[in-house]
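Here the structure comes first, spelled out in structure tokens, and everything after it is commentary.
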Amino acid sequence: MSRFYATTPIYYVNGKPHIGHAYCTTVADAAARFHRLLGEQTYFCTGTDEHGQKVQEAAEKRGIPPQQHVDELAEAFRGLLPKLHITPEQFIRTTEPRHKAVVARALQQLWDNDLIEKRSFAGWYSTAAERFWTEKDLVDGKCPDTGQEVVWLEEANYFFLMSRFQQPLIDAIESGKMRILPANRANEVLGFLREPLLDLCISRPKSRLSWGIELPFDSEYVTYVWFDALLNYVTAIGGFGAEADNAATLGEGAAPASGDKGTFETWWPHVCHFLGKDILTTHAVYWPTMLMALGLEPPRQYCVTGWWLMDNTKMSKSLGNVVDPLSLKDTYGPEVLRWFLLREMAVGQDANFSEAGLVKRNNTDLANDLGNLVQRTTALVHKHFDSQVPTLPEDRDPSPLLTSAIHLASYLCGEDTPFELTRSAQQVWPVEKTVDELKLHVTLADIMTLVQRLNQVLASDQPFKTVKTDKDAAAVTVYHALEGIRIAANLLWPAIPHTAEAILERVGWTRGVLPLADINWGDLPEGSAVPKGAGLFPRYKLDAPKDAAKPAPKPAKKAKQKGLPEITIDNAIGYDDFAKLDLRVGVVKVAEPVRKSDKLLRMEVDVGELGLRQVLAGVAKHLTPEQLVGTRIQVLTNLAPRKLMGLWSQGMMMLAETDDGRLVPMRPDGDAPAGSKIA
RNA sequence: GGCUGGGUAGCUCAGCUGGUUAGAGCGAACGACUCAUAAUCGUUAGGUCGUGGGUUCAAGUCCCACUCCAGCCA
């Protein structure tokens, strides 16, 4: 059985989590889940990087010990995961004793094998940038990055002899042993490796940096970020003697499951490192050479993700263009955010982030296509099939289009079934292929073609019609539609896990999410109960940006119909404009004159679920309080509140104004209760 | 400055080893339907495939130059 060990970078705790962290982790989570669907044994680890100067300084600034400082920040990162429905097997922190022990053992081994050397080194040091510069790097004698003063500093440090592994690394990449996706990133690394590879400085004197892991062979130094951070990938799965510590720290059940050869060999090198393109060199050059020096295989696979842009520039605090996309999870829910992140961005490329884009993805993919499909299908079951999965009648074959949907599903699941390609599905790949290539956006698009095909089937088979004349025919369509939904939901589980599980229940499936190999069309048990429920994905409307260039108002459509006179509407509004109005039936509970006003009446109006609203209306000359109390009126409830005569008005009473200036309240006919929407 | 990749319909992009009228999604327009969350289904979109040369019976698809953009490195 093949294995898949997914990692994210361990995130540096010098700030709060942002969309970049969330994205990379979400992709890794979804990829791990997809591999689980493929029947592979998977392990997924993320965590935090907690040493270094910036952390040390931040803690000093707050006047608290660094450990306390990082404990708090690590929690911010760890706490984000469940909010995004991300479920790693492990969360690792570099300040944990088990990890420090691994780092010490690894460094000692390299020292013993003469792969680490002490060298003295001199250069212009910039405190602000935390690094040395050469003479020609300097700009006007100052740090080229920060523009701050630099000082000439001479110090001895320890160097990892990385240069010795240049050729083995090139070979590993070119032979495909170390696979970097997307491919252009591999070229980038190879380009970097055309130049001579230098040795890597891996230490800092304690005088400059105390918050780090001490070198086992020189207590005057701590190790700098590389060995400290990158080795977490090995610690997490029990390398360098961490098995016992892991089991003790994580608990037996939570530690990586041991295979026949022990935990570390179980997972290494079946790893896929997910990372942003900004840390490609450290992961694809420093890290594999470190592993080679330690006698280990280089990582098998990398997935390099792009950046989310705002208005085509990188999101950055200094640019002030950060609207904290993460907060959108609170507005629209984690599943919608996950869907947007996974579906909108081609893995490896940059993409633009916008709330409008997220809303659009939600509305078109999730609400219109998927959610509505579930809704319309189960509605038929409730109306005509006693809320049970219909029984398939004998001797009735599915329609050709329905058959193609069935074939499409099994094709996605990996069977070599031919199916008819249509205009909207010209190219579809088996899930296994696109997941292997980590083109998850394509995987999701392909699965959605199944959803679209099912909508086509309903339009063409018309079960809502045939159910009246030929119930067996309707039963065939509805049964298979439910089955198609069940399989689509199963396949979508890696992206939208909670929703997928909810959909499975909705179609009467109780066996949960299955691996692809166990998905068989027709397993949905006839007669199982189909529960009722509300819509899965609400549609959202987003106000158009104020400054957006408004398209020229279109001339009103001319209604062409025989016998209907043509009219021209100069000030026509679209349905969307109308839909902005929240008109409700209200029941007047209290009505009284407003002091010092001969026009205004103050009312308290019950508008059902919206509660009691205070409404002021200028009708005192036309109506008495007695004519209003206890009666029903129409209220516009989402008009911006306004103060009149010192009193807030939280709604507008709808009135007809006659030519002679009388005001007549609009009274709802019938018995619609308070709060009913008027449309 | 060096290296790499890219400039294809309003937007986002597919177009493998050169070969019938250059494709999809979104948006837009029009039509159909009414089971459903005003949703769904269908039809339509004529874009000098960055610019200029070249190879070829034939180039978005190969070669050269130029230009613009992005990334990596220094």
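So the first sequence is numbered by the numbering used here: it starts at 73 and just counts up by one. Backbone N, C-alpha and C define an ideal beta-carbon position, used for all residues, glycine too. If you're wondering where the values come from, they're calculated on a predicted model, not measured in any experiment.
(request) Run the CB neighbour count on Asp518, radius 10 Å, all protein chains shown included, and call it buried at 16 or more, exposed below. (result) buried
(request) Would you mind stating whether Ala439 and Gly556 have Cβ atoms separated by less than 8 Å? (result) no
(message) Among the candidates Met724, Gln722, Gly683, Val660, whose CA atom is the shortest distance from the CA of Thr696?
(response) Val660
(message) At the level of alpha carbons, what is the spacing between Glu122 and Tyr84?
(response) 6 Å
(request) Can you say whether Lys88 is buried or exposed, counting buried as having 16 or more other CB atoms within 10 angstroms of its CB? (result) exposed
(message) Any contact between the segment 332-351 and the segment 89-107? By contact I mean 3 or more CB pairs, one from each, below 8 Å.
(response) yes
(request) Could you spell out where the alpha helix (DSSP H) holding Arg578 opens and where it closes? (result) 569-578
(request) Would you list the one or two residues that DSSP bridges to Thr377? (result) Gly348
(message) Would Arg525 and Leu480 qualify as a contact pair, given that the criterion is a beta-carbon distance under 8 Å?
(response) yes
(request) Output the distance between the C-alpha atoms of Gln534 and Pro566, rounded to the nearest integer angstrom. (result) 32 Å
(message) Could you tell me the alpha carbon to alpha carbon distance between Asp743 and Val707, rounded to whole angstroms?
(response) 16 Å
(request) Please list, in chain order, all residues of the same chain as Asp678 whose beta carbon is under 7 Å from its beta carbon, the five residues on each side excluded. (result) Gly658, Val659, Lys661, Leu684, Ala746
(request) Compute the Euclidean distance between the alpha carbons of Glu698 and Lys455, then round it to the nearest angstrom. (result) 46 Å
(message) Going by DSSP in three states, Glu37 sits in which element: helix, strand or coil?
(response) Outside the displayed range of the chain (73 to 751) lies residue 37, so it cannot be described from this structure.
(request) List the endpoints of the continuous alpha helix (DSSP H) containing Ala360. (result) It is Pro, not Ala, that sits at residue 360 in the sequence shown. 359-365 is the span of the alpha helix (DSSP H), which, as asked, contains Pro360.
(request) For Lys632, name the three-state secondary structure that DSSP assigns. (result) The predicted model places Lys632 with a pLDDT of 30, which falls under 50 and marks its position as unreliable, so this point remains unresolved.
(message) What would DSSP say about Asn435, mapped onto helix, strand or coil?
(response) helix
(message) Less than 8 Å between C-beta atoms, sequence neighbours within five positions excluded: which residues of the same chain meet that for Lys543?
(response) His456
(message) Helix, strand or coil for Lys214? Go by DSSP, reduced to three states.
(response) strand
(message) Looking at the secondary structure, which residues open and close the alpha helix (DSSP H) in which Leu253 lies?
(response) Taken as a continuous stretch (DSSP letters only), Leu253 belongs to no alpha helix (DSSP H), being part of the beta strand (DSSP E) at 251-253.
(request) With distances taken Cα to Cα, identify the nearest neighbour of Asp350 among Trp340, Ala102, Gly378. (result) Gly378
(request) Label Ala547 either buried or exposed according to how many other C-beta atoms from any shown protein chain fall within 10 Å of its C-beta, with 16 as the threshold for buried. (result) buried
(message) Short of 6 Å in beta carbon distance, which residues of its chain neighbour Phe76, apart from the five on each side in sequence? Order them along the chain.
(response) His107, Glu112, Thr114
(request) Please work out which residues of its chain come closer than 6 Å, Cβ to Cβ, to Gly635, disregarding the five sequence neighbours upstream and downstream, and give them in chain order. (result) Caution is warranted here: a pLDDT of 36 is assigned to Gly635, below 50, making its placement in the model unreliable, and the coordinate value is therefore given only provisionally. Closer than 6 Å at Cβ, skipping near neighbours: no residue.
(message) If you measure between the beta carbons of Lys278 and Val294, is that distance less than 8 Å?
(response) yes
(message) So for Pro397, helix, strand or coil by DSSP?
(response) helix
(message) For Ile158 and Cys117, which I take to be in contact (beta-carbon distance under 8 Å), what is that distance rounded to the nearest angstrom?
(response) Going by Cβ atoms, the distance from Ile158 to Cys117 rounds to 12 Å, so no, they are not a contact pair.
(message) In this structure, how does DSSP classify Asp243 when only helix, strand and coil are distinguished?
(response) helix
(request) To the nearest angstrom, report how far apart Val503 and Ala319 are at their CA atoms. (result) 35 Å
(message) Buried or exposed, going by whether 16 or more other CB atoms sit within 10 Å of the CB of Asp101?
(response) buried
(request) Put Cys485 into one of helix, strand or coil per three-state DSSP. (result) coil
(request) Evaluate contact between the segment 183-201 and the segment 427-446, counting only Cβ atoms and requiring at least three cross-stretch pairs below 8 Å. (result) no
(request) Let me know if Leu270 comes out buried or exposed under the rule of 16 or more other beta-carbons within 10 Å of its beta-carbon. (result) exposed
(message) Taking the beta strand (DSSP E) that Ile188 belongs to, which residues open and close that run?
(response) 188-198
(message) Below 8 Å on the Cβ atoms is my contact criterion, and I expect Pro70 with Leu156 to pass it. Report the Cβ-Cβ distance as a whole number of Å.
(response) Residue 70 lies beyond the stretch modelled for the chain, which goes from 73 to 751, so this question has no answer here.
(message) Assuming contact is defined by CB atoms lying nearer than 8 Å, are Leu281 and Gln128 in contact in what I supplied?
(response) yes
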